[in-house]
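*Asks:* Please see the structure below; I have some questions.
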Amino acid sequence: MKINIKKWTSNKNISFLFKILEKKDEETRFIGGCVRDKICKKKNYDIDLATTIEPVNIVEILSKKKIKIIKSGISHGTVIAIINKEKFEITTLRKDIKTDGRHAKVEFTKDWVSDSERRDFTINAISCDFKGNLYDYHKGLQDLKKGKIKFIGDPKKRIREDFLRILRFFRFYAYYGKNIITKSDLKIFKNQVLNLKKLSSERVYSEFKKILTSENPYKTLNLMKFSGVLNYIIFSSKNLEKIKLINKFDKINYLIDFTTRLAILIDKKFLLRVSNKLKLSKNENNKIKKIFHLEENFNFKDFEKNKIKYIYYYGHEICESLLIYNFIKLHGNYKIDKYSKIISSIKNIKTPRLPIFGKDLIKIGFQAGPKIGKILELVESWWILRKFKPTRKECLKKLKEFD
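So the number in the working numbering is just where the residue sits in the sequence shown, counting from 1, plus 30.
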């Protein structure tokens, strides 16, 4: 079977790479996610290549052509080539010699079948040459059409080789899965849940973020709940049903970001534990805290009346997330159109800026020091009470009242 890869072959960087890597008795192919998504007609910005050429020789070939190289993964057979700011991951065919659930010791090979056998799922083992010919050693095409996420070989063995495959299974199910997952399938993951603690927080975060930001995460999260994986990550699944409501925002073509989805999903009392488990960034953690805090006394009608004030104090992003969180907290009892209208309107509101500065006070005779900050705060409070309408001239006039 052949696929149309004209977009790749017409890319000068890709065609140049193939030209220099296609040597006598050596072969290079597109592999994994880029091939899978090309078949599904999904966007994929990462182009990965597999080759029979050993890493040291790849480095030599690229260096001769003065191509920038990243060699951090060379011991595992991976070299990253950077051509005109475009990155390409090039990995030598390999087979696992030893695994410990996190890392693998590998041996390089020229056998495409052996290399495919070490990959996780059938849909990720399809490769494609420069002419568009597909190589499918494990019926991955068939599984892709059926929406079946199937391990290559014995699932228990494949999971023991790398425990991240538990989360990767659910991630690929979220994006490609259609088939019914049985209780016996879930039991395999249930028996391995505790091994997730052997993974770094960064790896868990990366996979969970992709799951939660998928188009319809509820079905996958529900499977994760029954396998014990969800509670391992967020400690409670009591808010899971609320995730169903995020699909209401599809009607207004509004994409809800990861942090807002996480705020909807987690139990407030577990925020610190979830934050530590996933190593959330300071910004992510603070955003969720702010949503929780503001929601306690949130009043939709007050927001409608004073939306500029909310934007001034908290910014557009927090305000949008707060509205979504509030809608979902109320179980979608309000019409989505009402929320849609206000979300659309605040996108077009510019954040007001106080039209005077500390230097203006100094110019009219105030001495530099803490007093300037206090006076600015007083003028700012007056300006906000008047709904941000006073002009620079009016604010300067008001200053003199505090002299």
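Where is the CB? At the ideal position from N, CA and C, for every residue including glycine.
Model, not experiment: these values are computed from the prediction.
1. Does the contact criterion of 3 or more C-beta pairs under 8 Å hold for the stretch 207-220 versus the stretch 248-256?
2. Less than 9 Å between the beta carbons of Ile354 and Thr290, yes or no?
3. For Ile263, tell me which candidate among Glu245, Asn246, Ile179 and Phe238 has the shortest Cα-Cα distance.
4. Runs of 4 residues minimum, wholly inside the stretch 74-136: which ones carry the alpha helix (DSSP H) assignment?
5. Going by DSSP in three states, Thr58 sits in which element: helix, strand or coil?
6. Report the residue from Arg198, Thr250, Phe193 and Asp166 whose alpha carbon sits nearest the alpha carbon of Ala204.
7. Return the CA-CA distance between Phe279 and Asp287, expressed in angstroms with no decimal places.
8. How do the stretch 339-346 and the stretch 371-387 stand: do at least 3 beta-carbon pairs fall below 8 Å, yes or no?
9. Using the beta-carbon count (16 or more within 10 Å), is Glu232 buried or exposed?
10. Quick one: grab the DSSP three-state call for Asp192.
11. May I ask you to verify whether the stretch 96-105 touches the stretch 54-67, counting CB pairs closer than 8 Å and requiring at least 3?
12. Assuming Phe322 and Leu352 are in contact, meaning their beta carbons sit under 8 Å apart, how far apart are those beta carbons, in whole angstroms?
13. Is Ser266 helix, strand or coil by DSSP?
14. Pick out whichever of Asp390, Gln397 and Gly403 has its Cα sitting closest to the Cα of Arg422.
15. Taking the Cβ atom as the reference point for each residue, do Asn313 and Leu301 lie within a distance shorter than 9 Å?
16. Looking only at its own chain, which residues have a Cβ that is under 6 Å from the Cβ of Leu324, when we skip the five neighbours before and after it?
17. Can you have a look at Tyr340 and say buried or exposed, based on whether 16 or more other CB atoms are within 10 angstroms of its CB?
18. Ile88 and Val109: beta carbons closer than 9 Å?
19. For Glu116 and Ile127, which I take to be in contact (beta-carbon distance under 8 Å), what is that distance rounded to the nearest angstrom?
20. Determine, using beta carbons only, whether Ile35 and Ala80 come nearer to each other than 9 Å.
21. Taking the beta carbon of Arg416 as the centre, do at least 16 other beta carbons fall within 10 Å, making it buried, or is it exposed?
22. Which same chain residues, not among the five before or five after Ile338, have their C-beta less than 8 Å away from its C-beta?
23. Enumerate in chain order the residues of its own chain whose CB-to-CB distance from Ile296 is below 6 Å, with the five nearest sequence positions on each side excluded.
24. Using DSSP with H/G/I as helix, E/B as strand and the rest coil, what is Tyr165?
25. Near Lys309, which residues of its chain fall below 7 Å by C-beta distance, leaving aside the five closest residues on each side in sequence?
26. Which residue marks the beginning of the alpha helix (DSSP H) containing Glu209, and which one marks its end?
27. Quick one: using the 10 Å Cβ neighbour count with 16 as the cut-off for buried, is Ala398 buried or exposed?
28. Suppose contacts are defined by Cβ-Cβ distances below 9 Å. Is Asp150 in contact with Arg188 by that definition?
29. Please report how far the alpha carbon of Glu431 lies from the alpha carbon of Tyr364, in whole angstroms.
30. Is DSSP giving Phe151 helix, strand or coil here?
31. Considering only residues of the same chain and omitting the five flanking positions on each side of Ile97, which have a CB-CB separation below 8 Å?
32. How would you call Lys307, buried or exposed, if buried means at least 16 neighbouring beta carbons within 10 angstroms?
33. Using the DSSP secondary-structure output, state which residues sit across from Cys158 in a beta bridge.
34. Can you grab the Cα-Cα spacing for the pair Gly63 / Lys319, in whole Å?
35. Can you grab the Cα-Cα spacing for the pair Trp38 / Arg195, in whole Å?
*Replies:* From the atom records:
1. yes
2. Locating residue 354 in the sequence shown gives position 324, where the first residue counts as 1. Locating residue 290 in the sequence shown gives position 260, where the first residue counts as 1. Yes, the pair counts as a contact, with Cβ atoms nearer than the cut-off.
3. For the purposes of this step, residue 263 is identified with residue 233 of the sequence shown, where counting begins at 1. With distances taken between Cα atoms, Ile263 lies closest to Phe238.
4. 85-94
5. As a first step, residue 58 is located in the sequence shown; it is residue number 28 there, counting from the start. Strand.
6. Locating residue 204 in the sequence shown gives position 174, counting from the first residue. Nearest of Arg198, Thr250, Phe193 and Asp166 to Ala204, Cα basis: Thr250.
7. Locating residue 279 in the sequence shown gives position 249, counting from the first residue. Locating residue 287 in the sequence shown gives position 257, counting from the first residue. One C-alpha to the other measures close to 12 Å.
8. yes
9. The sequence position of residue 232 within the sequence shown is 202, counting from 1. By the 10 Å Cβ count, Glu232 comes out exposed.
10. Here the question's residue 192 lines up with position 162 in the sequence shown. Reduced to three states, the DSSP call for Asp192 is strand.
11. no
12. Translated into the one-based positions of the sequence shown, residue 322 becomes position 292. Translated into the one-based positions of the sequence shown, residue 352 becomes position 322. Between Leu352 and Phe322 the Cβ distance is about 10 Å, and since that is not below 8 Å, they are no contact.
13. Here residue 266 is taken as the residue at index 236 of the sequence shown, counted from 1. Residue state, collapsed to three classes: coil.
14. The count along the sequence shown starts at 1 and reaches residue 422 at position 392. Closest option to Arg422, Cα to Cα, is Asp390.
15. The residue you call residue 313 lines up with position 283 of the sequence shown. The residue you call residue 301 lines up with position 271 of the sequence shown. Not in contact: Asn313 and Leu301 (Cβ atoms no closer than 9 Å).
16. Numbered from its first residue, the sequence shown carries residue 324 at position 294. Excluding residues within five positions, the ones whose Cβ falls inside 6 Å are Leu352.
17. Reading the sequence shown from its first residue, position 310 is the one you call residue 340. Tyr340 should be labelled buried.
18. In the sequence shown, residue 88 corresponds to position 58, counting from 1. In the sequence shown, residue 109 corresponds to position 79, counting from 1. Going by C-beta atoms, Ile88 is nearer than 9 Å to Val109.
19. For the purposes of this step, residue 116 is taken as the residue at position 86 of the sequence shown. For the purposes of this step, residue 127 is taken as the residue at position 97 of the sequence shown. At roughly 33 Å, the Cβ-Cβ gap does not stay under 8 Å, so Glu116 and Ile127 are not in contact.
20. In the sequence shown, the residue the question calls residue 35 occupies position 5. In the sequence shown, the residue the question calls residue 80 occupies position 50. No, the pair does not count as a contact, with Cβ atoms beyond the cut-off.
21. What you label residue 416 is simply residue 386 of the sequence shown in a count that begins at 1. The residue in question, Arg416, is exposed, as its Cβ has fewer than 16 Cβ neighbours within 10 Å.
22. Counted from its first residue, the sequence shown places residue 338 at position 308. Only Ile379, Pro382, Lys417 and Phe418 meet the Cβ criterion.
23. Locating residue 296 in the sequence shown gives position 266, counting from the first residue. Contacts found: Ile264 and Val304.
24. The residue given as residue 165 occupies position 135 in the sequence shown. It is a strand residue.
25. Taking the sequence shown and counting its residues from 1, the one referred to as residue 309 is at position 279. Only Ser231, Glu232 and Tyr235 meet the Cβ criterion.
26. Here residue 209 corresponds to residue number 179 of the sequence shown, with the count starting at 1. Glu is not the amino acid found at residue 209; the sequence shown has Asn there. Asn209 -> no alpha helix (DSSP H), and no H or E assigned at all.
27. As a first step, residue 398 must be located in the sequence shown, where it is residue number 368. Counting Cβ neighbours within 10 Å, Ala398 comes out exposed, since fewer than 16 surround it.
28. On the sequence shown, position 120 is the one that residue 150 refers to. On the sequence shown, position 158 is the one that residue 188 refers to. Going by C-beta atoms, Asp150 is nearer than 9 Å to Arg188.
29. Within the sequence shown, residue 431 is the residue found at index 401, counting from 1. Within the sequence shown, residue 364 is the residue found at index 334, counting from 1. So the alpha carbons of these two residues sit roughly 46 Å apart.
30. The residue labelled residue 151 in the question sits at position 121 within the sequence shown. Strand.
31. Translated into positions along the sequence shown, residue 97 becomes position 67. Cβ within range, chain order: Ala111, Ile112 and Ile113.
32. For this step, residue 307 is matched to residue 277 along the sequence shown. Per the 10 Å Cβ criterion, buried.
33. As a working note, residue 158 is residue 128 in the sequence shown. Answer by DSSP bridge pairing, in chain order: Phe60 and Leu164.
34. To locate residue 63, count along the sequence shown from 1; it is residue 33. To locate residue 319, count along the sequence shown from 1; it is residue 289. Near 36 Å, if we compare the C-alpha coordinates of Lys319 and Gly63.
35. Translated into positions along the sequence shown, residue 38 becomes position 8. Translated into positions along the sequence shown, residue 195 becomes position 165. In a straight line, the C-alpha of Trp38 is about 29 Å away from that of Arg195.
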